[in-house]
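**Q**
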RNA sequence: UCCGCGGUAGCUCAAUGGUAGAGCAUUCGACUGUUAAUCGACAGGUUGCUGGUUCGAGUCCAGCCCGCGGAGCCA
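Residue numbers (this note's numbering): 379 to 843.
Here it is, written out as structure tokens:
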């Protein structure tokens, strides 16, 4: 019978069975093949310790001088890091091993003996730019490997969260006719005899899906030609964008909170090993179990004023410095990076800030009936300096209002008319949000740079490798 | 675009204006229980570029190039 857990295998029992390193603990006493790459080598004149990794783990293969032929021993002695090998060995219990077992080599088959592998084994990340130039090799190293495993789990958790709730996966196009939000910079690409633009959000398309399916989720890459040079920005990143018909702001906040809680909890549960390798202090992550504070923009101004005063008087050099930048943008304006950092320090868990002034938000946001100077939007701010991981809200559903907004924001009517059709033919209250996958992974892993959370980061100065 | 920091061996960093240095990695050697092994040895350089001051510049000055961090904008 087909077993989805296992790759097709050699079933010829005259040769040893191949196992992944993570499975070895279940095969003590068997002679097995392990296929992989030499992570590191230690040894003496008469015994060699080969650290072999295969992507599922690392195991130590012990090679005594009398266990193999002299030729094989000498080859093993000279093997360079990242040499590709197939080791035939007996699996033995070993209390000193981190995975509980080690291999006693019977036969060493070298596929390629590598010399001068450029990346050395090191746990610090001294020169990220140098390593990113070698990203195609760096992904083999422990730390990037662990981060990308977490990313994989996060993406899987997101997909399952929405699938379980009956959302339809609804793919938005990458080539788009023009700006979705009108303000941010777009990548322009030639498209036969015309110009097209790479998408900076699938949201407007998501809204069409909400009217067709009720609940949809757009999940794909997004492109922003902003010349940002910070540890939170990429020019190409992945975004998950749910969009739901008949959902109003409180429901949107419930959905965002549930989703963040689900993804973080799942990563904590499934990525214990990886988070240990990353030396991640998970205490703040565990606080996602609590309710996320929901604070309006207006209330937050007061909180920030108090934090500014408290930090300035704290005597803590870092907090005093931060206090100088709090509310730097002034009342009525968007929050700055320092404000988000302060919010994180204060609440120590994700915080939802809702009802921003309409001027600082996009044209399609619905006005708050209680005070039309504000819109029914919500940002989720992650603590520990990561900042905004989610932005979203309730969409304007009134045709006349949207038509005014289109004129006010100087959006070419012919590029947006199809969107206005959604308000002509059965308009309903609806909304959703977008979550940046990389920022979410950045928070979970505690990464300094968002660049480390995607296999091949694209930034203003990097399109290689 | 603006502000700040930086560029010395493959990597991380030293070097009052006076012979260009160390640790790690590489290469070679020693060791039968190492976990980023340890110990010993060899090798490794147009000090980002151009010009200037000086008897003498990695160091001081001017210009340029490149990189990083932050702001703005955003997820």
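We put the beta carbon where it would ideally sit given N, CA and C, even for glycine.
Going straight from the alpha carbon of residue 769 to that of residue 741, what length do you get?
**A** Counting from one through the first chain, the residue named residue 769 turns up at place 391. Counting from one through the first chain, the residue named residue 741 turns up at place 363. Answer to the nearest angstrom: the Cα atoms are 14 angstroms apart.
**Q** Could you check which residue in 824, 690, 841, 713 has the C-alpha nearest to that of residue 521?
**A** Taking the first chain and counting its residues from 1, the one referred to as residue 521 is at position 143. Cα-wise, what sits closest to residue 521 is 824.
**Q** Since residue 758 and residue 728 are thought to touch, with beta carbons under 8 angstroms apart, how far apart are those beta carbons, to the nearest angstrom?
**A** Residue numbering aside, residue 758 sits at position 380 when the first chain is read from its first letter. Residue numbering aside, residue 728 sits at position 350 when the first chain is read from its first letter. With 8 angstroms as the limit, residue 758 and residue 728 qualify as a contact, their Cβ atoms being about 5 angstroms apart.
**Q** Tell me which same chain residues have a C-beta within less than 6 angstroms of the C-beta of residue 394, skipping the five on either side of it?
**A** Numbered from 1 along the first chain, position 16 holds the residue referred to as residue 394. 409, 410, 411, 466, listed in sequence order.
**Q** If I'm right that residue 517 touches residue 526 with Cβ under 8 angstroms, what's the distance once you round it to whole angstroms?
**A** Position 139 of the first chain, counted from the first residue, corresponds to residue 517. Position 148 of the first chain, counted from the first residue, corresponds to residue 526. Sure, about 7 angstroms apart at Cβ, within 8 angstroms.
**Q** Within 8 angstroms, do at least three Cβ pairs link the region 606–625 to the region 577–597?
**A** yes
**Q** Residues in the same chain with beta-carbon distance under 7 angstroms from residue 791, minus the five sequence neighbours each way, listed in chain order, please.
**A** Counting from 1 along the first chain, the entry for residue 791 is found at position 413. Excluding residues within five positions, the ones whose Cβ falls inside 7 angstroms are 784.
**Q** What separation, rounded to the nearest whole angstrom, lies between the Cα atoms of residue 843 and residue 506?
**A** Indexing the first chain from 1 puts residue 843 at position 465. Indexing the first chain from 1 puts residue 506 at position 128. Taking the straight line from one Cα to the other gives about 14 angstroms.
**Q** Check for me: the alpha helix (DSSP H) holding residue 827 runs from which residue to which?
**A** Numbered from 1 along the first chain, position 449 holds the residue referred to as residue 827. From DSSP, residue 827 is part of no alpha helix (DSSP H); its letter is neither H nor E.
**Q** Please report the distance separating the alpha-carbon of residue 581 from that of residue 599.
**A** Numbered from its first residue, the first chain carries residue 581 at position 203. Numbered from its first residue, the first chain carries residue 599 at position 221. So the two alpha carbons sit approximately 12 angstroms from each other.
**Q** How would you label residue 764, buried or exposed, when you count the other beta carbons within 10 angstroms and need 16 or more for buried?
**A** Indexing the first chain from 1 puts residue 764 at position 386. The residue in question, residue 764, is buried, as its Cβ has 16 or more Cβ neighbours within 10 Å.
**Q** Whole angstroms are fine: how far does the CA of residue 604 sit from the CA of residue 734?
**A** Residue mapping note: residue 734 aligns to position 356 of the first chain, counting from 1. Residue mapping note: residue 604 aligns to position 226 of the first chain, counting from 1. Their backbone Cα atoms lie some 23 angstroms apart in a straight line.
**Q** Taking the alpha-carbon of residue 436 as reference, which of 743, 444, 417, 448 has the nearest alpha-carbon?
**A** The sequence position of residue 436 within the first chain is 58, counting from 1. Here the closest residue by C-alpha is 417.
**Q** Nearest to residue 813 by alpha carbon, out of 636, 695, 553, 570?
**A** Working through the first chain from its first residue, we reach residue 813 at position 435. Checking every option, the nearest Cα to that of residue 813 belongs to 636.
**Q** Would DSSP call residue 724 helix, strand or coil?
**A** Reading the first chain from its first residue, position 346 is the one you call residue 724. Helix at residue 724.
**Q** Grouping DSSP H, G and I as helix and E and B as strand, with all else coil, what is residue 641?
**A** Translated into positions along the first chain, residue 641 becomes position 263. Helix at residue 641.
**Q** Per DSSP, what kind of secondary structure is residue 751 in: helix, strand or coil?
**A** Translated into positions along the first chain, residue 751 becomes position 373. Residue 751: strand per DSSP, three-state reduction.
**Q** Closer than 8 angstroms by C-beta to residue 798: which residues in its own chain qualify, once you throw out the five before and the five after it? Chain order, please.
**A** If you number the first chain from 1, residue 798 lands on position 420. Correct list, in chain order: 777, 780, 781, 784.
**Q** Please determine if the region 673–683 and the region 702–715 are in contact, where contact requires at least 3 C-beta pairs separated by less than 8 angstroms.
**A** yes
**Q** Hey, could you find the ends of the alpha helix (DSSP H) residue 701 is sitting in?
**A** Residue mapping note: residue 701 aligns to position 323 of the first chain, counting from 1. Segment 695–701, the alpha helix (DSSP H) holding residue 701.
**Q** Would you call the CB atoms of residue 638 and residue 819 closer than 8 angstroms?
**A** Reading the first chain from its first residue, position 260 is the one you call residue 638. Reading the first chain from its first residue, position 441 is the one you call residue 819. Cβ distance not < 8 angstroms, so residue 638 and residue 819 don't count as in contact.
**Q** Would the beta-carbon of residue 691 be found less than 7 angstroms away from any heavy atom of the ligand FAD?
**A** Judged by which ligands are present, the structure shown has none, so any question about the ligand FAD falls away.
**Q** Quick one: grab the DSSP three-state call for residue 836.
**A** On the first chain, residue 836 is found 458 positions in, with the first residue counted as 1. Note: residue 836 maps to coil in three-state DSSP.
**Q** Residue 411 by DSSP, collapsed to three states: which one?
**A** Translated into the one-based positions of the first chain, residue 411 becomes position 33. Residue state, collapsed to three classes: strand.
**Q** Exposed or buried, which one is residue 761 when buried takes at least 16 other CB atoms within 10 Å?
**A** By 1-based counting over the first chain, the position of residue 761 is 383. Buried.
**Q** With residue 461 and residue 508 assumed to form a contact (beta carbons below 8 angstroms), what rounded beta-carbon distance in angstroms separates them?
**A** The residue labelled residue 461 in the question sits at position 83 within the first chain. The residue labelled residue 508 in the question sits at position 130 within the first chain. Contact flag wrong, Cβ pair sits at about 23 angstroms.
**Q** In this structure, does DSSP put residue 487 in helix, strand or coil?
**A** Residue mapping note: residue 487 aligns to position 109 of the first chain, counting from 1. Correct three-state label for residue 487: strand.
**Q** Can you give me the start and stop residues for the beta strand (DSSP E) that residue 470 sits inside?
**A** Counted from its first residue, the first chain places residue 470 at position 92. Residues 462–471.
**Q** For a test of the three-state rule: what should DSSP assign to residue 452, helix, strand or coil?
**A** Looking up residue 452 in the first chain gives position 74. Helix.
**Q** My output table needs one value for residue 623: the three-state DSSP class, helix, strand or coil.
**A** In the first chain, residue 623 corresponds to position 245, counting from 1. Residue 623: strand per DSSP, three-state reduction.
**Q** Is the CB-CB distance between residue 627 and residue 732 below 8 angstroms?
**A** The count along the first chain starts at 1 and reaches residue 627 at position 249. The count along the first chain starts at 1 and reaches residue 732 at position 354. The answer is yes: Cβ separation under 8 angstroms.
**Q** If you draw a straight line from the C-alpha of residue 438 to the C-alpha of residue 651, how long is it?
**A** Sequence index remark: in the first chain, residue 438 carries index 60 (1-based). Sequence index remark: in the first chain, residue 651 carries index 273 (1-based). Looking at the two C-alpha atoms, the distance is approximately 18 angstroms.
**Q** Compare the Cα-Cα distances from residue 700 to each of 709, 801, 683, 488 and report the closest residue.
**A** On the first chain, residue 700 is found 322 positions in, with the first residue counted as 1. Of the candidates 709, 801, 683, 488, the one whose C-alpha sits nearest the C-alpha of residue 700 is 683.
**Q** What are the boundary residues of the alpha helix (DSSP H) that includes residue 528?
**A** Within the first chain, the letter at position 150 stands for residue 528. Its alpha helix (DSSP H) spans residues 520–542.
**Q** What residues match up with residue 482 in a beta bridge as DSSP calls it?
**A** Here residue 482 is taken as the residue at index 104 of the first chain, counted from 1. Residue pairing by DSSP places residue 482 opposite 440, 468 in a beta bridge.
**Q** With which residues is residue 593 paired in a DSSP beta bridge?
**A** Counting from one through the first chain, the residue named residue 593 turns up at place 215. Beta-bridge partners assigned by DSSP to residue 593: 622.
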